[in-house]
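Reading through the structure tokens given below for one structure.
Number of protein chains: 2
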Amino acid sequence: MRSIDAVLDQVDANLAASVDKFVRFLAFPSVSSQLDGKEGIAACARWLRSELEGLGLEARIVRTSGHPVVMGTSRTANGNLRVLLYGHYDVQPAEPLDAWATPPFEPAFRDEDGLRRIYARGASDSKSQVWSFIEALRAWKETEGAIPVDVTVLLEGEEETGSPSLPAFVDAYRDELACDVAYISDSDMWSPTRPAITTRLKGLLHEKITIVAPNRDLHSGQFGNVAVNPLRVLTKVLASIHDEQGQVTIDGFYDGVMPLPKVLREQWAALSLDEALAGVSVTGGPDEAGYGTIESMWGRPAIDFNGIVGGNTGPGERSVLPLSASARLSFRLVGEQKPEHIRAIFRNFVESRLPPGCRVEFEGGGGNAAVSVNEKSPYLVATGRALDAEWPERTLIKGTGGTVPLVRLLTDRLGVDCIVTGFILPDDAIHGPNEHYDVERLRKGTRSWVRILSELGQEQSC
Amino acid sequence: MRSIDAVLDQVDANLAASVDKFVRFLAFPSVSSQLDGKEGIAACARWLRSELEGLGLEARIVRTSGHPVVMGTSRTANGNLRVLLYGHYDVQPAEPLDAWATPPFEPAFRDEDGLRRIYARGASDSKSQVWSFIEALRAWKETEGAIPVDVTVLLEGEEETGSPSLPAFVDAYRDELACDVAYISDSDMWSPTRPAITTRLKGLLHEKITIVAPNRDLHSGQFGNVAVNPLRVLTKVLASIHDEQGQVTIDGFYDGVMPLPKVLREQWAALSLDEALAGVSVTGGPDEAGYGTIESMWGRPAIDFNGIVGGNTGPGERSVLPLSASARLSFRLVGEQKPEHIRAIFRNFVESRLPPGCRVEFEGGGGNAAVSVNEKSPYLVATGRALDAEWPERTLIKGTGGTVPLVRLLTDRLGVDCIVTGFILPDDAIHGPNEHYDVERLRKGTRSWVRILSELGQEQSC
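Chains as they are written, first to last, in our numbering: chain A, 1 to 462; chain B, 463 to 924.
See below:
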């Protein structure tokens with residue numbers, strides 16, 4: 001057993017230096033979605049490569065069809081457990097710039113609410129997460145001369161644009177990415193005092209439907225009572241998707257939806273709604289009978305309408321029956337719901353409701369099934385132990401209504417469990433102006449990774 | 463009795479000169495909705511005033527808060543019947559100009575389908591209509607030295623922008639506009655061989671509704687199953703407005719809707735749908751049980767959806783529950799349906815369907831009730847006789863799904879019957895590129911007015 005206390009002390013002792021470097025990391029304008037972000041991305045990637053080299057890793061920048069991946073690999077040849085650590089170094093655009101109290105790429109410190117906060121784009125999402133595990137590796141290296149496991153660090157440069165190049169990259173580098181367990185560190189805590197591991201991630205598919213009438217735009221005064229109005233057809237179709245109990249009426253939609261394990265259900269039912277909702281009102285919202293609010297958010301499938309448009313959307317009045325009307329929907333899947341099956345039964349459902357003469361155009365492809373990480377995985381249990389030791393409250397095994405396609409990708413292509421954990425908080429203003437993080441969370445996040453690596457080191461020696 | 467045959471012959475003899483002047487009338491770019499149309503409007507108004515003076519009328523240009531009205535009045539002091547003749551000299555914009563085979567304000571002749579067609583903006587809507595009654599007045603004047611009735615010619619310059627100044631004008635000039643019967647000449651024939659008088663005009667009101675959720679934009683993955691989605695609320699509300707039989711479900715909506723007189727109902731049921739629909743498909747359209755297609759179009763009230771918008775309307779996918787969603791609706795009224803009552807019960811209907819926490823914003827005001835001209839009015843009967851004499855087929859007493867607020871205005875403020883007739887055809891491409899009319903229709907339209915004036919002259923002598 002290694003002396004974990006010395007490593008944890010080293011994290012604390014090194015904090016000022018760690019924060020200095022973190023500030024340099026934050027100063028790179030590594031905006032992946034903007035053309036002029038390319039230079040910031042490239043400079044940030046070079047800087048990260050040299051940081052990984054400084055940890056004694058074999059480090060390189062791998063070109064993709066989009067922004068580069070930075071990889072760092074330790075090779076002890078000790079037959080160690082190999083752990084993949086994923087993070088992303090690209091950030092969201094910072095606009096509108098005038099909404100920031102200080103410039104987004106000139107990190108600024110403010111003491112607020114008893115915390116020393118750092119304001120910058122990427123301060124929380126996700127440079128703090130990357131920096132926490134890098135500093136944990138450094139602490140092990142500096143204190144013990146070695147990391148307790150072998151690691152493969154994978155730092156992506158286009159997470160904020162939907163990871164378009166990542167699948168091809170993972171396929172091409174499958175051998176080098178082979179590992180025993182993968183960590184995705186880009187997620188949130190339950191509260192400032194309670195860490196979390198996210199084991200239930202919903203699947204996702206998008207569909208756009210466009211109802212097209214057999215006529216051109218018509219005068220609604222003349223033809224409103226007799227010609228098909230795509231707006232009327234569209235609203236009837238959309239309104240028939242959910243019944244009054246909030247249940248989806250599409251035959252077969254719930255195929256493959258499993259009941260939640262009792263232990264999770266009970267844990268979730270005991271959670272405070274205030275934390276889960278973070279100020280969002282659910283008054284008058286859908287309320288699927290028999291399911292609690294948090295179970296609905298994390299464990300039940302959904303069909304959402306995300307956009308609708310047709311006919312006169314201008315400021316004035318116009319008597320028109322438009323040629324067409326369209327809507328965008330997203331489907332959040334759980335359990336074994338299959339995206340292609342869901343897409344097929346949805347399209348059938350729409351087509352069966354079309355009046356004669358109308359046609360429908362569908363737009364949408366691909367999609368991801370849900371991922372559930374086995375809550376009994378020894379790596380997950382070990383991770384929970386490590387987090388429990390660092391934070392005041394017990395680690396929450398939680399779900400998310402969101403979708404992280406990467407988890408599906410690594411689970412499927414590398415054949416390993418993905419453990420999703422991180423230290424982001426809802427108040428960090430990620431994606432918005434004045435994004436921030438705090439020094440204490442950086443310290444405790446780093447210490448958490450020190451503990452996780454220690455636990456995994458023991459795991460392999462079992 | 464005056465010698466009508468001589469007057470009709472004069473119309474025919476004078477046709478070439480009439481067409482020459484019509485071409486000059488068409489060349490004025492009197493576009494009311496464009497700032498640079500102002501000059502064309504002003505020049506056109508001056509030209510019309512001099513034409514009316516040429517007929518021996520007291521003519522003048524009356525300024526309004528918008529474009530001017532041109533008025534011409536005959537004063538015989540013979541105690542004649544006074545007939546108001548309404549037309550409009552402004553036109554729709556001609557854009558897109560490159561869709562025109564010849565420039566819209568350089569009238570061009572083409573011999574097609576056995577007709578001599580004139581292509582120009584306004585050729586049909588509505589300069590041909592104005593020119594037809596002006597030439598009829600001229601033919602009477604030149605042949606008999608007098609028009610068989612007293613006339614008040616009222617030529618509007620902003621019909622195509624919704625007649626914003628007309629109500630104030632009518633109020634201000636009510637005494638001078640006093641008459642025994644008013645003709646609105648801006649409407650269509652049933653077919654090239656069958657003239658029509660429109661006696662049933664629907665009322666109209668517009669409403670915009672915006673459903674507003676208690677939250678800001680939310681991530682639909684996180685909150686789709688629990689927070690109100692205004693798109694879902696909006697589609698449910700809109701879908702509940704019509705039942706499966708196409709009937710409006712709003713309680714009280716049909717108050718004041720009278721059954722159609724049997725004679726009209728039978729006449730309309732006998733009409734060819736091909737003419738009524740002009741190529742528009744009604745396959746799969748609403749089909750209110752118990753009512754024929756034409757009765758539905760002309761005689762039944764309607765609620766139409768004219769536009770809808772909310773959430774993501776861009777080209778990409780976005781997982782959003784938007785803050786709000788809105789729709790525009792129009793209501794076509796018949797019989798004694800009252801706009802203010804309809805607005806009130808509609809707003810109630812929407813509010814009663816809102817989930818708690820949501821609110822709705824309404825936008826809309828005013829509106830017009832329907833107008834029915836008494837089909838037994840002696841002036842209407844006389845007009846029918848005149849048209850029957852000129853055209854191969856019997857005059858159709860018809861309705862329209864459209865709304866002509868002017869008819870309501872003159873009916874209410876002047877207290878007279880408004881007879882709506884004209885010689886526009888659906889194929890004239892009004893409001894579109896390559897608008898046209900034909901010389902033969904100009905001739906027969908003028909002759910129709912000669913006959914109407916003759917009939918009215920006899921009417922008063924009864």
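C-beta: ideal position from N, C-alpha, C; glycine also.
From the DSSP output, which residues share a beta bridge with residue i?
i                      : result
residue 803 of chain B : According to DSSP, residue 803 of chain B bridges with nothing at all.
residue 545 of chain B : B:613, B:643
residue 398 of chain A : A:198
residue 786 of chain B : B:674
residue 418 of chain A : A:182
residue 665 of chain B : B:795
residue 249 of chain A : For residue 249 of chain A, which the question treats as bridged, DSSP gives no partner whatsoever.
residue 764 of chain B : B:794
residue 69 of chain A  : A:62
residue 115 of chain A : A:112
For residue i, which option in the options has the closest C-alpha, if you only look at C-alpha atoms?
i                      : options                    : result
residue 17 of chain A  : A:197, A:383, A:139        : A:139
residue 404 of chain A : A:186, A:106, A:255, A:58  : A:186
residue 265 of chain A : A:290, A:243, A:247, A:91  : A:290
residue 242 of chain A : B:706, B:710, B:693        : B:693
residue 209 of chain A : A:349, A:47, A:391         : A:349
residue 640 of chain B : B:883, B:893, B:873        : B:873
residue 19 of chain A  : A:453, A:246, A:446        : A:446
residue 38 of chain A  : A:24, A:223, A:246, A:158  : A:158
residue 786 of chain B : A:281, A:221, A:307, A:431 : A:307
residue 633 of chain B : B:882, B:914, B:513, B:876 : B:876
residue 625 of chain B : B:558, B:609, B:549, B:738 : B:549
residue 365 of chain A : A:354, A:351, A:376, A:341 : A:341
residue 354 of chain A : A:97, A:47, A:284, A:211   : A:211
Grab me the residues of residue i's own chain with a C-beta within less than 7 Å of its C-beta, minus the 5 sequence neighbours each way, in chain order.
i                      : result
residue 436 of chain A : 117, 118, 119, 123, 124, 428, 429
residue 480 of chain A : The structure shown does not extend to residue 480 of chain A, since chain A spans only 1 to 462, so no value can be given for it.
residue 53 of chain A  : 59
residue 654 of chain B : 887
residue 370 of chain A : 201, 202, 203, 333, 334, 335, 337
residue 784 of chain B : 679, 692, 693, 772, 773
residue 166 of chain A : 156, 406, 409
residue 740 of chain B : 888
residue 287 of chain A : 246
residue 700 of chain B : 767, 789
Can you give me the Cβ contacts of residue i inside the same chain, cut-off strictly under 6 Å, excluding the 5 residues immediately before and after it?
i                      : result
residue 44 of chain A  : 28, 30, 89
residue 433 of chain A : 99, 100
residue 61 of chain A  : 45, 49, 68, 70
residue 630 of chain B : none
Which same chain residues end up closer than 8 Å to residue i when comparing Cβ atoms and leaving out the 5 residues on each side of it in sequence?
i                      : result
residue 450 of chain A : 4, 7, 8, 11, 136, 139, 140
residue 1 of chain A   : Residue placement at residue 1 of chain A is poorly supported in this model, since its pLDDT is 46, which falls under 50; the coordinates are not used for a value here.
residue 807 of chain B : 712, 713, 714, 715
residue 488 of chain B : 567, 569, 580, 582, 583, 584, 585, 589
Is it buried or exposed for residue i, if we count other Cβ within 10 angstroms and need 16 for buried?
i                      : result
residue 304 of chain A : buried
residue 84 of chain A  : buried
residue 175 of chain A : exposed
residue 343 of chain A : buried
residue 527 of chain B : exposed
residue 764 of chain B : buried
residue 398 of chain A : buried
residue 448 of chain A : buried
residue 452 of chain A : buried
residue 574 of chain B : exposed
residue 924 of chain B : Annotation note: pLDDT 48 at residue 924 of chain B (below 50); position unreliable, no value reported.
residue 236 of chain A : buried
Would a check of beta-carbon distances place residue i closer than 8 Å to chain D?
i                      : result
residue 700 of chain B : The structure shown contains no chain D; its protein chains are A and B.
contact_flag[the segment 117 to 136 of chain A, the segment 435 to 443 of chain A] where n(CB pairs < 8 Å) is 3 or more = yes
task = Evaluate the contact criterion for the segment 148 to 159 of chain A versus the segment 63 to 74 of chain A: three or more CB pairs, one atom per stretch, below 8 Å.
result = yes
inquiry  = Using 8 Å as the cut-off, can you tell me whether the segment 833 to 849 of chain B makes contact with the segment 689 to 698 of chain B, which would need three or more C-beta pairs spanning the two stretches below that distance?
reply    = no
inquiry  = Quick test of the definition: if touching needs 3 or more C-beta pairs under 8 Å, does the segment 753 to 773 of chain B touch the segment 731 to 738 of chain B?
reply    = yes
request  = Evaluate contact between the segment 203 to 210 of chain A and the segment 712 to 731 of chain B, counting only Cβ atoms and requiring at least three cross-stretch pairs below 8 Å.
outcome  = no
ask   = Counting pairs of beta carbons, one from the segment 906 to 922 of chain B and one from the segment 536 to 543 of chain B, are three or more of them closer than 8 Å?
value = yes
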